[in-house]
Amino acid sequence: MKEDRQYVMAIATNLGFPRIGAKRELKRAVESFWAGKIGPGELESTARALRREHWRLQQDIGIEHIPSNDFSLYDHVLDTAAMVGAVPGRFGYQGGAVNLATYFAMARGSDKVPAMEMTKWFDSNYHFIVPEFEAGQIFRLASTKSIDEFKEALALGIRTRPVLLGPVSFLLLGKSHEDKLDPLTLLDGLLPVYEDVLYRLMDSGAQWVQMDEPILALDLQQDALAAFDTAYGRLNGVTDKLKICLATYFGDLRENLGAALRLPVAALHLDFVRAPQQLDRAVDQISENPMLSLGVIDGRNIWRTNLDQTLELIEKAVDKLGPDRILIGPSCSLLHCPIDLELEDTLDEELKGWMSFARQKLEEIAMLTRAVNEGREAVAEMIAESRAVAERRSRSSRIHNPQVKERVANVNEKMFKRKSPFRVRREIQRARLNLPPLPTTTIGSFPQTAEVRKARAAFKKGNWSAERYEAFLKEEIEKAVRFQEEIGLDVLVHGEFERNDMVEYFGEQLEGIAFTQNGWVQSYGTRCIKPPVIYGDVRRSGPMTVRWIKYAKSLTARPLKGILTGPITILQWSFVRDDQPRRETACQIALAIRDEVADLEAAGIPVIQIDEPALREGLPLRRDEWPEYLEWAIDVFRLASSGVRDDTQIHTHMCYSEFNDIMEAIAALDADVISIEASRSDMELLDAFVRFQYPNEIGPGIYDIHSPRVPPVEEIEALLRKALNVFQAEWLWVNPDCGLKTRGWPEVHAALLNMVAAAKALRRKEF
Ligand code: GLN
Ligand code: ZN
Numbered sequence: 000m001k002e003d004r005q006y007v008m009a010i011a012t013n014l015g016f017p018r019i020g021a022k023r024e025l026k027r028a029v030e031s032f033w034a035g036k037i038g039p040g041e042l043e044s045t046a047r048a049l050r051r052e053h054w055r056l057q058q059d060i061g062i063e064h065i066p067s068n069d070f071s072l073y074d075h076v077l078d079t080a081a082m083v084g085a086v087p088g089r090f091g092y093q094g095g096a097v098n099l100a101t102y103f104a105m106a107r108g109s110d111k112v113p114a115m116e117m118t119k120w121f122d123s124n125y126h127f128i129v130p131e132f133e134a135g136q137i138f139r140l141a142s143t144k145s146i147d148e149f150k151e152a153l154a155l156g157i158r159t160r161p162v163l164l165g166p167v168s169f170l171l172l173g174k175s176h177e178d179k180l181d182p183l184t185l186l187d188g189l190l191p192v193y194e195d196v197l198y199r200l201m202d203s204g205a206q207w208v209q210m211d212e213p214i215l216a217l218d219l220q221q222d223a224l225a226a227f228d229t230a231y232g233r234l235n236g237v238t239d240k241l242k243i244c245l246a247t248y249f250g251d252l253r254e255n256l257g258a259a260l261r262l263p264v265a266a267l268h269l270d271f272v273r274a275p276q277q278l279d280r281a282v283d284q285i286s287e288n289p290m291l292s293l294g295v296i297d298g299r300n301i302w303r304t305n306l307d308q309t310l311e312l313i314e315k316a317v318d319k320l321g322p323d324r325i326l327i328g329p330s331c332s333l334l335h336c337p338i339d340l341e342l343e344d345t346l347d348e349e350l351k352g353w354m355s356f357a358r359q360k361l362e363e364i365a366m367l368t369r370a371v372n373e374g375r376e377a378v379a380e381m382i383a384e385s386r387a388v389a390e391r392r393s394r395s396s397r398i399h400n401p402q403v404k405e406r407v408a409n410v411n412e413k414m415f416k417r418k419s420p421f422r423v424r425r426e427i428q429r430a431r432l433n434l435p436p437l438p439t440t441t442i443g444s445f446p447q448t449a450e451v452r453k454a455r456a457a458f459k460k461g462n463w464s465a466e467r468y469e470a471f472l473k474e475e476i477e478k479a480v481r482f483q484e485e486i487g488l489d490v491l492v493h494g495e496f497e498r499n500d501m502v503e504y505f506g507e508q509l510e511g512i513a514f515t516q517n518g519w520v521q522s523y524g525t526r527c528i529k530p531p532v533i534y535g536d537v538r539r540s541g542p543m544t545v546r547w548i549k550y551a552k553s554l555t556a557r558p559l560k561g562i563l564t565g566p567i568t569i570l571q572w573s574f575v576r577d578d579q580p581r582r583e584t585a586c587q588i589a590l591a592i593r594d595e596v597a598d599l600e601a602a603g604i605p606v607i608q609i610d611e612p613a614l615r616e617g618l619p620l621r622r623d624e625w626p627e628y629l630e631w632a633i634d635v636f637r638l639a640s641s642g643v644r645d646d647t648q649i650h651t652h653m654c655y656s657e658f659n660d661i662m663e664a665i666a667a668l669d670a671d672v673i674s675i676e677a678s679r680s681d682m683e684l685l686d687a688f689v690r691f692q693y694p695n696e697i698g699p700g701i702y703d704i705h706s707p708r709v710p711p712v713e714e715i716e717a718l719l720r721k722a723l724n725v726f727q728a729e730w731l732w733v734n735p736d737c738g739l740k741t742r743g744w745p746e747v748h749a750a751l752l753n754m755v756a757a758a759k760a761l762r763r764k765e766f
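Mapping the sequence shown onto numbering that gives the first Met the number 0, position 723 (from 1) lands on 722, and the numbers just tick up by one.
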């Protein structure tokens with residue numbers, strides 16, 4: 000922070016910077032450490048170098064509130080658990096500082112103990128480690144990471160604003176194996192650790208601290224709001240010298256806004272990208288003293304900001320509160336963005352001009368802050384340019400395809416409906432497919448071996464000709480088909496060998512979708528993903544999968560299942576254009592998939608599976624917004640899947656096990672068959688399907704593909720019997736939990752052999 004400001008003015012702020020490094024240096028270092036190739040010293044020096052580079056970069060751009068402790072070797076929620084010593088008993092932690100071995104064991108498990116659970120960070124694609132609590136949980140300061148990193152930056156001459164996950168969010172994001180344990184009862188025991196940390200930060204010279212409480216954007220019970228009063232009432236006692244910026248993001252605080260504004264903190268950060276409508280309420284209700292931190296640059300997407308429009312919003316707040324009560328920052332941590340657009344050299348200039356990654360976003364923040372403090376004239380050129388870019392983009396023919404728009408406009412009711420109701424279709428499909436009871440199948444992919452990946456890389460680099468690559472894929476397909484015939488599966492797949500990733504494969508072939516070279520975003524731990532960028536109207540220029548499945552069909556007399564990725568999943572796992580509603584974009588993708596479905600049908604493929612593993616994660620954070628989302632999500636799926644004849648069987652696949660609260664929607668998809676994850680919950684989730692009387696056929700995943708373990712025949716049989724208690728054999732499919740691409744052939748062979756044997760044994764015994 001600049002100490003020499005003459006006037007107090009608006010402050011340029013960041014909430015968090017991506018940790019992984021522009022070249023994924025952190026991923027490499029951590030994985031090398033796990034593999035025993037480097038020691039803790041080398042790991043630490045890579046981490047340190049990244050932190051330094053990121054702090055300096057932010058300083059050079061002109062960010063004044065630069066975060067620290069936003070860095071993590073794995074995950075910031077896990078860091079918080081370590082900070083307060085919340086290490087579950089099974090890790091054998093004996094007190095004192097949580098060491099690296101314990102830290103990584105918590106994240107990944109060890110040969111002796113299972114890892115802690117991982118789940119999605121709100122509605123993002125980042126996964127955090129779920130804290131585990133027990134009754135009488137004792138908290139103690141067990142990691143001084145936040146203080147150490149503050150000091151580390153200070154030694155470089157940068158006085159950072161340390162970031163802590165706030166105590167209420169930390170508790171409410173956790174879970175307990177004891178059903179009745181209310182995590183908020185642990186608050187009193189937790190707060191002294193936070194107080195201790197705040198004191199230490201203050202003693203080390205911190206002037207501000209950022210406490211993230213994203214939970215405020217969710218539906219909260221009264222007792223949670225009371226917990227906020229307790230927590231910040233107490234932490235405020237520490238803070239006569241240390242100012243707290245309470246950070247919320249990912250949505251409108253709505254009924255929680257008043258409570259948040261009343262908390263005794265120095266600043267409140269609100270997300271005005273997701274929820275610009277809360278600005279008026281916030282400036283009206285805010286009391287005399289606190290500052291308002293304006294989250295105005297989208298931390299969840301990669302589009303360049305129209306500075307003009309954003310300045311209007313900022314000026315509204317400045318007019319009411321004065322510039323000295325304003326902080327200007329990203330809507331949330333930039334964790335969810337790739338690092339630097341400048342590293343992209345395959346994207347064309349026009350498209351690149353529309354985009355902004357973490358570094359560019361911080362530049363936008365610095366510019367906006369200058370516009371407030373020095374007047375718009377100071378950055379007139381930049382504002383004019385961003386306006387011009389926004390105008391060019393909005394008119395670009397690359398975004399607007401009149402054909403696509405017309406097609407969407409002409410979508411009619413009939414297109415959402417299969418020709419006949421399920422009961423009628425079912426008989427027709429049964430006659431065509433002629434399958435035994437308990438038909439066996441797989442979810443689509445077979446092992447993506449090193450060989451397959453190498454071949455693809457060689458082809459992409461130009462070292463392999465298209466003919467050579469094609470011949471290779473055909474060989475793989477043939478092997479997979481023979482394998483499936485041999486072990487006796489009933490409905491075959493071609494194996495998805497040509498696909499790198501279930502979204503990327505389709506994205507690469509669809510118009511209106513682009514790919515970055517280095518646009519990595521952390522998904523969990525060292526796993527990074529490069530989401531596609533949906534920038535314009537989406538159109539299919541030709542068949543995407545038909546060739547491969549046709550080849551498979553030429554090899555066998557058994558029925559084949561074509562596998563496609565559904566529109567919601569393509570949408571959900573991409574950066575999506577922000578100039579039209581998501582449902583509109585989803586609808587365009589659905590039409591492209593619908594065409595592919597039609598082509599598969601025309602090619603004589605009797606079964607078509609449309610994967611929607613991301614349907615559930617698209618649910619809005621607030622319950623009352625669920626129905627609207629589910630309505631269009633169902634429509635979009637049905638638009639993609641309903642154009643077929645009655646005798647074509649549509650499957651869908653979803654790999655999660657929480658169906659209780661969306662059962663109606665799942666049924667409304669009207670897929671003829673659904674395959675789901677079930678083995679890890681011991682078929683318990685079938686209860687939801689029974690309670691609801693799920694009307695169509697179902698394939699509860701019969702073994703967990705996430706583990707190399709081969710389930711014995713008896714175990715599969717027992718699971719199937721459980722399923723048969725609640726479903727008739729004619730309605731039940733037998734399949735693994737998910738695709739097999741991460742597994743090796745020997746396990747797949749053994750496991751599927753057992754699966755088929757179990758199905759056959761039951762058929763013999765029961766029918
Ligand atoms: N068809 C895909 C596969 O088998 C499904 C993957 C998924 O559900 N995530 O790999
Ligand atoms: Zn799956």
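Glycine included, every Cβ here is placed at the ideal spot set by N, Cα and C. Predicted model, so just to flag it, every value in this text is computed and none were measured.
Specify, as a first and last residue, the run of the alpha helix (DSSP H) that LEU189 falls within.
By one-based count along the sequence shown, residue 189 stands at place 190. Looking at the DSSP string, the run of the alpha helix (DSSP H) that includes LEU189 is 186–202.
Rounded to whole angstroms, what is the Cα-Cα separation between GLY506 and CYS244?
Taking the sequence shown and counting its residues from 1, the one referred to as residue 506 is at position 507. Taking the sequence shown and counting its residues from 1, the one referred to as residue 244 is at position 245. Going from the Cα of GLY506 to the Cα of CYS244 covers about 40 Å.
Should ALA11 go down as buried or exposed, given a rule of 16 or more other Cβ atoms within 10 Å for buried?
Within the sequence shown, numbered from 1, the residue matching residue 11 stands at position 12. The residue is buried, with at least 16 neighbouring Cβ atoms inside 10 Å.
Are there any heavy atoms of the ligand GLN lying less than 6 Å away from the beta-carbon of MET501, as far as the coordinates show?
As a first step, residue 501 is located in the sequence shown; it is residue number 502 there, counting from the start. Checking every heavy atom of the ligand GLN against the Cβ of MET501, one is found closer than 6 Å.
Which ranges does the alpha helix (DSSP H) cover as unbroken runs of at least 4 residues, wholly within the stretch 91–144, from first to last along the chain?
99–107
At 3 residues or longer, and completely inside the stretch 149–190: list those beta strand (DSSP E) runs for me, N to C.
160–164
DSSP three-state call for LEU241: helix, strand or coil?
Position 242 of the sequence shown, counting from 1, holds the residue named residue 241. Coil at LEU241, not helix or strand.
Between the stretch 243–263 and the stretch 204–211, can you find at least three pairs of beta-carbon atoms closer than 8 Å?
yes
May I ask you to check if the CB of PRO735 is nearer than 6 Å to at least one heavy atom of the ligand ZN?
In the sequence shown, counting from the first residue as 1, residue 735 sits at position 736. The answer is no for PRO735.
At 3 residues or longer, and completely inside the stretch 523–602: list those beta strand (DSSP E) runs for me, N to C.
526–528, 532–539 and 560–564
Does any heavy atom of the ligand GLN sit closer than 6 Å to the C-beta of ASP610?
Locating residue 610 in the sequence shown gives position 611, where the first residue counts as 1. Yes, the ligand GLN has a heavy atom inside 6 Å of this Cβ.
Please list, in chain order, all residues of the same chain as LEU56 whose beta carbon is under 7 Å from its beta carbon, the five residues on each side excluded.
As a position in the sequence shown, residue 56 is number 57, starting the count at 1. Contacts found: ARG358.
Spell out whether any CB of chain B is found under 7 Å from the CB atom of TYR702.
Within the model displayed, chain B is absent; a lone protein chain is all it includes.
Validate contact between the stretch 511–526 and the stretch 121–128 using beta carbons, cut 8 Å, 3 pairs:
yes
Considering just the uninterrupted stretch of the beta strand (DSSP E) at GLY698, what are its terminal residues?
Looking up residue 698 in the sequence shown gives position 699. 696–699 is the span of the beta strand (DSSP E), which, as asked, contains GLY698.
Alpha carbon to alpha carbon, what distance is there between LYS319 and LYS413?
In the sequence shown, residue 413 corresponds to position 414, counting from 1. In the sequence shown, residue 319 corresponds to position 320, counting from 1. Whole-angstrom Cα-Cα distance: 52 Å.
Say the cut is 6 Å; is the CB of LYS740 nearer than that to a heavy atom of the ligand GLN?
For this step, residue 740 is matched to residue 741 along the sequence shown. Yes, the Cβ of LYS740 comes within 6 Å of a heavy atom of the ligand GLN.
Going by C-alpha distance, which of PRO275, LEU326, GLY236 and ASN305 is nearest ALA266?
For the purposes of this step, residue 266 is identified with residue 267 of the sequence shown, where counting begins at 1. Ranking PRO275, LEU326, GLY236 and ASN305 by Cα distance to ALA266 puts LEU326 first.
Our contact map puts ALA585 next to PRO566 with C-beta atoms below 8 Å; I'd like the distance itself, whole angstroms only.
Taking the sequence shown and counting its residues from 1, the one referred to as residue 585 is at position 586. Taking the sequence shown and counting its residues from 1, the one referred to as residue 566 is at position 567. 5 Å between Cβ atoms; contact.
Measuring straight from C-alpha to C-alpha, what distance separates ASP645 and ASP598?
Working through the sequence shown from its first residue, we reach residue 645 at position 646. Working through the sequence shown from its first residue, we reach residue 598 at position 599. When rounded, the distance between both Cα atoms is 15 Å.
Whole angstroms are fine: how far does the CA of LEU751 sit from the CA of GLN483?
Looking up residue 483 in the sequence shown gives position 484. Looking up residue 751 in the sequence shown gives position 752. If you take the alpha carbons of GLN483 and LEU751, they lie about 9 Å apart.
Following a CB-centred definition, is SER331 positioned closer than 6 Å to any heavy atom of the ligand ZN?
For the purposes of this step, residue 331 is taken as residue 332 along the sequence shown, with counting starting at 1. A quick correction: the sequence has Cys, not Ser, at residue 331. False, no ligand heavy atom lies under 6 Å from that Cβ.
Validate contact between the stretch 484–493 and the stretch 511–521 using beta carbons, cut 8 Å, 3 pairs:
no
If you reduce the DSSP assignment to three classes, tell me which class THR439 lands in.
The sequence position of residue 439 within the sequence shown is 440, counting from 1. Correct three-state label for THR439: strand.
Taking the alpha carbon of LEU215 as the point to measure from, which residue in GLY91, ASP270 and ILE715 has its own alpha carbon closest?
Along the sequence shown, read from residue 1 onward, the residue named residue 215 stands at position 216. Here the closest residue by C-alpha is ASP270.
Mark GLU495 as exposed unless 16 or more other C-beta atoms lie within 10 angstroms of its C-beta, in which case mark it buried.
Taking the sequence shown and counting its residues from 1, one reaches residue 495 at position 496. Result: buried.
With a cut-off of 8 Å, do at least 3 Cβ pairs link the stretch 286–306 to the stretch 347–358?
yes
Report whether the distance from the Cβ of CYS654 to the nearest heavy atom of the ligand ZN is below 6 Å.
Mapped onto the sequence shown, residue 654 falls at position 655. It does: the Cβ of CYS654 is within 6 Å (strictly closer) of some heavy atom of the ligand ZN.
Hey, ALA114 and ARG107 are a contact pair by Cβ (cut 8 Å); roughly how many whole angstroms apart?
As a working mapping, residue 114 is identified with position 115 in the sequence shown. As a working mapping, residue 107 is identified with position 108 in the sequence shown. Indeed they touch by this definition, with Cβ atoms about 5 Å apart.
Would SER666 pass as a contact of THR651 if the rule is Cβ separation under 7 Å?
Working through the sequence shown from its first residue, we reach residue 666 at position 667. Working through the sequence shown from its first residue, we reach residue 651 at position 652. The amino acid occupying residue 666 in the given sequence is Ala; Ser does not appear at that position. Cβ atoms of ALA666 and THR651: not closer than 7 Å.
Quick check on ALA632: does DSSP put it in helix, strand or coil?
Counted from its first residue, the sequence shown places residue 632 at position 633. DSSP places ALA632 in helix when its eight states are reduced to three.
Please work out which residues of its chain come closer than 6 Å, Cβ to Cβ, to PHE445, disregarding the five sequence neighbours upstream and downstream, and give them in chain order.
Reading the sequence shown from its first residue, position 446 is the one you call residue 445. So the list reads ALA479, GLY494 and LEU739, once near-sequence residues are dropped.
I need the DSSP call for ALA265, collapsed to helix, strand or coil.
Walking along the sequence shown from the start, residue 265 turns up at place 266. Reduced to three states, the DSSP call for ALA265 is coil.
Can you tell which of ALA274, LEU312 and GLY321 has its C-alpha closest to the C-alpha of PRO289?
Position 290 of the sequence shown, counted from the start, is the residue given in the question as residue 289. Answer by Cα proximity: GLY321.
Contact between the stretch 651–662 and the stretch 672–688 is defined here as three or more beta-carbon pairs at a separation below 8 Å; is this criterion met?
yes
Distance between GLU475 and GLU485 (C-alpha atoms, nearest Å)
Taking the sequence shown and counting its residues from 1, one reaches residue 485 at position 486. Taking the sequence shown and counting its residues from 1, one reaches residue 475 at position 476. Each residue's Cα considered, the two are about 15 Å apart.
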